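Under this note's numbering, think of the first position of the sequence shown as 9, with each following residue one higher.
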Amino acid sequence: MFENSKIQKQYKDKLFSEWLEDPIVFGIVENDILVAFIEGSTEEWHKLFRISNIFVGENFRRRGLEDRLIEKMIEYVKTLNNCRGIILETQTCNYPAIQLYKKHGFKLSRIDINEYTNNDIENREVRIDLLLKI
């Protein structure tokens, strides 16, 4: 059913995260329902493109949609003139996400042991930033 799913639309609007400057969103639509999307924007101050959100509906996971979205965003960012890479944030407790990003060439860029609380290490939820150099 999803082998033929296409990334059908490119949205240039503040659909999800209002704090982003000039966001771009790619989505996968099945039967007129948005089942997956990836969102991001360029952070001019350090010439990086930040993926701020990746979502795949629970019933649509582990079917390769997340791979296709990441590949589409990488392809898009490579067309930008002033981006030196793609950065994203996840947590050390999100092992599936870390493995997904590593598969696409992202590498550890930053660790923040106090991003969420003063007990991030004890809570086993430490923020990490992963970077893909372009």
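In this text, a Cβ means the ideal position worked out from N, Cα and C, and glycines have one as well. Please read all numbers here as calculations on a predicted model, not as lab measurements.
The Cβ-Cβ distance between Leu77 and Phe114 does not fall below 8 angstroms. Per the coordinates, the alpha-carbon of Glu66 lies some 33 angstroms from the alpha-carbon of Arg92.
Taking a contact as a CB-CB distance under 8 angstroms, the pair Gly35 and Leu42 counts as one, their CB atoms being some 5 angstroms apart. Assigned with DSSP and collapsed to three states, Glu133 falls in coil, not helix or strand. Per DSSP, Lys111 is not a residue of any beta strand (DSSP E); the alpha helix (DSSP H) it occupies stretches across Tyr103 to Lys111. Counting only the Cα atoms, Val37 lies some 11 angstroms from Leu73. Per DSSP, Leu73 is one residue of the alpha helix (DSSP H) stretching across Leu73 to Val85. For Gly65, there is no enclosing beta strand (DSSP E), as DSSP gives it neither H nor E.
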